[in-house]
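> Take a look at this one; I'll ask things after.
There are 2 protein chains.
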Amino acid sequence: MLLRRFAIPLLLTAQLLPGLALAQSAPKFDPITIQAQGSFAVGGTVAQTPGPYNNNAPSAEGQSLHGDHLYAFYQIPQNPKLLPIVMLHGAFQSARSWETTPDGREGFQTIFLRRSYPVYLVDQPRRGRAGNSTVATTIEPTPYDQLFFDQFRLGKWPNYFQNVQFNRDPAVLDQFLRSVTPNTGPYDANVISDAMSALFDRIGSGILFTHSQAGGPGWLTAIKNPNVKAIVAFEPGSGFIFPEGEVPPPMPSAAGTLTAEPIAVADFEKLAGIPIVLYYGDNFSTEPTKERGEDNWRVRLAMARLWVDAVNRHGGDARLVHLPDIGIRGNTHFLMSDLNNVQIADEVSKFLAEKKLD
Amino acid sequence: MLLRRFAIPLLLTAQLLPGLALAQSAPKFDPITIQAQGSFAVGGTVAQTPGPYNNNAPSAEGQSLHGDHLYAFYQIPQNPKLLPIVMLHGAFQSARSWETTPDGREGFQTIFLRRSYPVYLVDQPRRGRAGNSTVATTIEPTPYDQLFFDQFRLGKWPNYFQNVQFNRDPAVLDQFLRSVTPNTGPYDANVISDAMSALFDRIGSGILFTHSQAGGPGWLTAIKNPNVKAIVAFEPGSGFIFPEGEVPPPMPSAAGTLTAEPIAVADFEKLAGIPIVLYYGDNFSTEPTKERGEDNWRVRLAMARLWVDAVNRHGGDARLVHLPDIGIRGNTHFLMSDLNNVQIADEVSKFLAEKKLD
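In order, the protein sequence lines correspond to chains A and B. In terms of the UniProt record's numbering, the first sequence is numbered consecutively and its last residue is 358. In terms of the UniProt record's numbering, the second sequence is numbered consecutively and its last residue is 358.
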């Protein structure tokens, strides 16, 4: 695999950097040649207020609002592979998740662009640059840094896990915590998957990467649109949907109770038509514990295993990779920006090659 | 000018496209080679809630929130010019303003990248991907499409201006209106200029492009940070600051009253040390009118003229270009994405060359 050999020196170079890599002083990577890049909105709706519009004394009357669309930024490399990759972020995040890592290395956006995939980064409806929502919300500044540190498995605040794949420079944690951005309207998996389906209508066939909360909307997108040819889900944590009559019981944990939802068998079986892989990282017990941050992932992994079994029981091709089982240790919830993110990308590349998607 | 000749065929090719240019079917532009790209947060603050943090029963106690930073995405071309360009969007917008135009052509992000400038696109604090605010807000879905159509001078709703530099395909207006995104916290020119100053601390010397409402935070950034070596302001509409004792009287208009603010003379004179150019477009009268959309710009242009005079009276190098005066007609409020945006970019390139900033 030429591309794997190409990528390894990048990681080694970057790891030698002291602290944060600044743009201007970043190591000189091999240049990337881009055929086209740009951005657009897709999906969404128009909310119309009745009445006549008075140009010179405007009120809500007769005016409309465009909202609930997603925003996508794309880059098409020279000599691109046939299938683009669409990357959908998780809760409290934007497309930022896939860009530069908190310690200044290349994220999956640029890593997969270098591997010749057209890459589409999405800000989901009611988040980031797709902020216009048709439903109101209130944003309270909520102090969550320590909860995120635990729940995203950097460690147990204030201590990092011994083997964590995260640079402990305080400036790196600062960058990580500033990737958090709030909902600008109520979270709605249907609104998100409708816009994602419109995206796949626009771009045609592609591979969908999801992170965390995006797992649920990701499954729904593939059900709604046959242009989704594969799903690579990084630590999907909620939104697990099962065929009616096969929904597992709720799973209590120290972080709350995880529930699954029923959908029609015919819809579920649309997921059986495409290859799916789920990756989970390290540093949580598969046995019950009182540690909230860890126990949260115990039940999500357990639910994911049941979900993969259900997909395969219905004739599907789903796989769950718990990275410690294949000797990859120390990963946080943010597999795509961890210190070993090139190794994770290599695992994904192997999967895509095996499924003839590259 | 080699670069101008290079850019012209791009415009002609793109204008031949029927309707929206989709990514996959976009005209094959000359490829762009990028040395590095990525994103980061800079500036902002940390809000700390007192008390001990309980990992297994988390509340606000003992937790912190990172907020009020900006988000920047940068691209460094091969053989870059010395000074990067930083682009700061206006009200209701994000860095999206500078990307692909609503009709699918290249925006200033890629145009100036092709002209060998490193380009930094900013989402200002409390907007877009820099959504985490230390101050709460409520977001109401406000129907503003028709007001924006008038105020951004596409025409007088529902009619376009006869010579407007905007593609009348309804899909283009849809894209334009979906670039709107709300504040996720109160607008605060000081919070924005503090984060912008932190950005210029990080990247060093650079050229600042501002659009519309960003004019005000732009002047403040240059006052706070000597790394701002020039300002190119596209239709600055508010935030005009004058030396104490020289503040002009408020200017009433059909769209409300425009006021200016005083600052210390010593601060104002920091603006006299750098070249500044302000561009304004077409389709508004310089005489009072009852047309709200137009009259709004009459007073903003008038205030801008007084402001340029004040800068120059204090020894500065400021210039105002009302584009119709140099024969460039039909521009909306979004000069950088209008149909003639390559022509506008050429005017800017000429300015930068004249000031030895390229």
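For each residue, glycine too, the CB sits at the ideal point set by N, CA and C. Please read these numbers as outputs of a predicted model, since none were measured by experiment.
Are residue 333/A and residue 152/A close, meaning C-beta to C-beta below 8 Å?
Locating residue 333/A in the first sequence gives position 333, counting from the first residue. Locating residue 152/A in the first sequence gives position 152, counting from the first residue. In contact: residue 333/A and residue 152/A (Cβ atoms closer than 8 Å).
> Using the three-state DSSP reduction, which class does residue 78/A fall into: helix, strand or coil?
For the purposes of this step, residue 78/A is identified with residue 78 of the first sequence, where counting begins at 1. It is coil, neither helix nor strand.
> Answer yes or no: does any C-beta atom of chain A fall closer than 8 Å to that of residue 25/B?
Residue numbering aside, residue 25/B sits at position 25 when the second sequence is read from its first letter. At residue 25/B, the pLDDT of 46 sits below 50, so the modelled position is not reliable and the matter cannot be decided from this model.
> Let me know the secondary structure DSSP gives residue 59/B once reduced to three states.
To locate residue 59/B, count along the second sequence from 1; it is residue 59. In this structure, residue 59/B counts as coil in the three-state DSSP scheme.
> By DSSP, does residue 270/B sit in helix, in strand, or in coil?
Position 270 of the second sequence holds residue 270/B. Residue state, collapsed to three classes: helix.
> Residues of chain A with CB under 8 Å from residue 34/B, in chain order?
Translated into the one-based positions of the second sequence, residue 34/B becomes position 34. Neighbours of residue 34/B on chain A, chain order: 31, 32, 33 and 34.
> CA-CA distance, residue 297/A and residue 329/B?
As a position in the first sequence, residue 297/A is number 297, starting the count at 1. As a position in the second sequence, residue 329/B is number 329, starting the count at 1. Between residue 297/A and residue 329/B, the C-alpha separation is close to 60 Å.
> Between 244/A, 336/A and 194/A, which lies nearest to residue 310/A when the distance is taken from Cα to Cα?
The residue you call residue 310/A lines up with position 310 of the first sequence. Taking only the C-alpha atoms, the option nearest residue 310/A is 244/A.
> Kindly list the residues whose CB is nearer than 8 Å to the CB of residue 120/A, restricted to its own chain and excluding five residues on each side of it in sequence; keep chain order.
To locate residue 120/A, count along the first sequence from 1; it is residue 120. The answer, listed in chain order, is 72, 73, 74, 84, 85, 86, 87, 199, 203 and 206.
> Have a look at 42/A, 337/A and 124/A and flag the residue whose alpha-carbon is nearest the alpha-carbon of residue 214/A.
Looking up residue 214/A in the first sequence gives position 214. Out of 42/A, 337/A and 124/A, 124/A has the C-alpha closest to the C-alpha of residue 214/A.
> Evaluate residue 274/A with the Cβ neighbour count: other Cβ atoms within 10 Å of its Cβ, from every protein chain shown; 16 or more gives buried, anything less gives exposed.
Translated into the one-based positions of the first sequence, residue 274/A becomes position 274. When all chains shown are included, residue 274/A counts as buried.
> Determine, using beta carbons only, whether residue 195/A comes closer than 8 Å to chain B.
Here residue 195/A corresponds to residue number 195 of the first sequence, with the count starting at 1. No, because no Cβ of chain B sits closer than 8 Å to the Cβ of residue 195/A.
> Can you pull the chain B neighbours of residue 106/A, defined as C-beta to C-beta under 8 Å?
Within the first sequence, residue 106/A is the residue found at index 106, counting from 1. Residues of chain B passing the Cβ test: 38.
> Grab me the residues of residue 277/A's own chain with a C-beta within less than 6 Å of its C-beta, minus the 5 sequence neighbours each way, in chain order.
Position 277 of the first sequence holds residue 277/A. Cβ neighbours of residue 277/A beyond the five flanking positions: 232, 319 and 351.
> What are the start and end residues of the alpha helix (DSSP H) that includes residue 196/B?
Residue 196/B sits at position 196 when you count from the first residue of the second sequence. Looking at the DSSP string, the run of the alpha helix (DSSP H) that includes residue 196/B is 189-203.
> Helix or strand or just coil, what does DSSP make of residue 217/A?
The residue given as residue 217/A occupies position 217 in the first sequence. Correct three-state label for residue 217/A: helix.
> Taking the alpha-carbon of residue 147/A as reference, which of 52/A, 177/A, 223/A and 238/A has the nearest alpha-carbon?
As a first step, residue 147/A must be located in the first sequence, where it is residue number 147. For the residues 52/A, 177/A, 223/A and 238/A, the minimum Cα distance to residue 147/A belongs to 177/A.
> Give the range of the alpha helix (DSSP H) segment to which residue 170/B is assigned.
Position 170 of the second sequence, counted from the start, is the residue given in the question as residue 170/B. Residue 170/B -> alpha helix (DSSP H) spans 170-177.
> How many angstroms separate the CA atom of residue 38/A from the CA atom of residue 100/B?
Here residue 38/A is taken as the residue at index 38 of the first sequence, counted from 1. Here residue 100/B is taken as the residue at index 100 of the second sequence, counted from 1. Cα-Cα distance, rounded: 5 Å.
> Answer with buried or exposed for residue 294/B, where buried requires no fewer than 16 other C-beta atoms within 10 angstroms of its C-beta.
Against the second sequence, residue 294/B aligns to sequence position 294. Classification for residue 294/B: buried.
> Return no unless some Cβ of chain A is closer than 8 Å to the Cβ of residue 157/B.
In the second sequence, counting from the first residue as 1, residue 157/B sits at position 157. Closer than 8 Å: yes.
> Residue 65/B and residue 134/B: beta carbons closer than 8 Å?
Here the question's residue 65/B lines up with position 65 in the second sequence. Here the question's residue 134/B lines up with position 134 in the second sequence. Cβ atoms of residue 65/B and residue 134/B: closer than 8 Å.
> Look up residue 353/A in the DSSP assignment and say whether it is helix, strand or coil.
The residue you call residue 353/A lines up with position 353 of the first sequence. Residue state, collapsed to three classes: helix.
> Give the residues of chain B in contact with residue 94/A, contact being defined as C-beta atoms less than 7 Å apart.
On the first sequence, position 94 is the one that residue 94/A refers to. The contacting residues are 129.
> Just list the residues that DSSP pairs residue 125/A with in beta bridges.
Sequence index remark: in the first sequence, residue 125/A carries index 125 (1-based). DSSP lists no partner for residue 125/A.
> With a 10 Å radius around its C-beta and 16 neighbouring C-beta atoms as the bar for buried, classify residue 159/B as buried or exposed.
Residue 159/B sits at position 159 when you count from the first residue of the second sequence. By the neighbour-count rule (16 or more Cβ atoms within 10 Å), residue 159/B is not buried but exposed.
> For residue 150/B versus residue 55/A, is the C-beta spacing smaller than 8 Å?
Residue mapping note: residue 150/B aligns to position 150 of the second sequence, counting from 1. Residue mapping note: residue 55/A aligns to position 55 of the first sequence, counting from 1. Against a cut-off of 8 Å, the Cβ pair of residue 55/A and residue 150/B comes out as a contact.
> Can you tell me whether residue 301/A is helix, strand or coil according to DSSP?
As a first step, residue 301/A must be located in the first sequence, where it is residue number 301. The answer is helix: DSSP assigns residue 301/A an H, G or I state.
> How about residue 141/A: is its C-beta nearer than 8 Å to some C-beta of chain B?
Walking along the first sequence from the start, residue 141/A turns up at place 141. So yes, residue 141/A belongs to the interface.
> Is residue 242/A near residue 307/A, with beta carbons less than 8 Å apart?
The count along the first sequence starts at 1 and reaches residue 242/A at position 242. The count along the first sequence starts at 1 and reaches residue 307/A at position 307. Against a cut-off of 8 Å, the Cβ pair of residue 307/A and residue 242/A comes out as a contact.
> I'd like the span of the beta strand (DSSP E) that includes residue 317/B, first residue to last.
The residue labelled residue 317/B in the question sits at position 317 within the second sequence. Residues 317-322.
> Applying a beta-carbon distance threshold of less than 8 Å, which residues of chain B neighbour residue 132/A?
If you number the first sequence from 1, residue 132/A lands on position 132. Neighbours of residue 132/A on chain B, chain order: 141, 178, 180, 181 and 182.
> At the level of alpha carbons, what is the spacing between residue 90/A and residue 106/A?
The count along the first sequence starts at 1 and reaches residue 90/A at position 90. The count along the first sequence starts at 1 and reaches residue 106/A at position 106. Computed Cα separation, rounded: 19 Å.
> Rounded to the nearest angstrom, what separates residue 58/B and residue 255/A at their Cα positions?
Working through the second sequence from its first residue, we reach residue 58/B at position 58. Working through the first sequence from its first residue, we reach residue 255/A at position 255. Cα to Cα, residue 58/B sits roughly 10 Å from residue 255/A.
> What did DSSP end up calling residue 328/A once you bin it into helix, strand or coil?
Working through the first sequence from its first residue, we reach residue 328/A at position 328. Residue 328/A falls in the coil class under three-state DSSP.
> At 7 Å on the CB atoms, spell out the chain A contacts of residue 53/B, in chain order.
To locate residue 53/B, count along the second sequence from 1; it is residue 53. Those within 7 Å of residue 53/B in chain A are 146 and 157.
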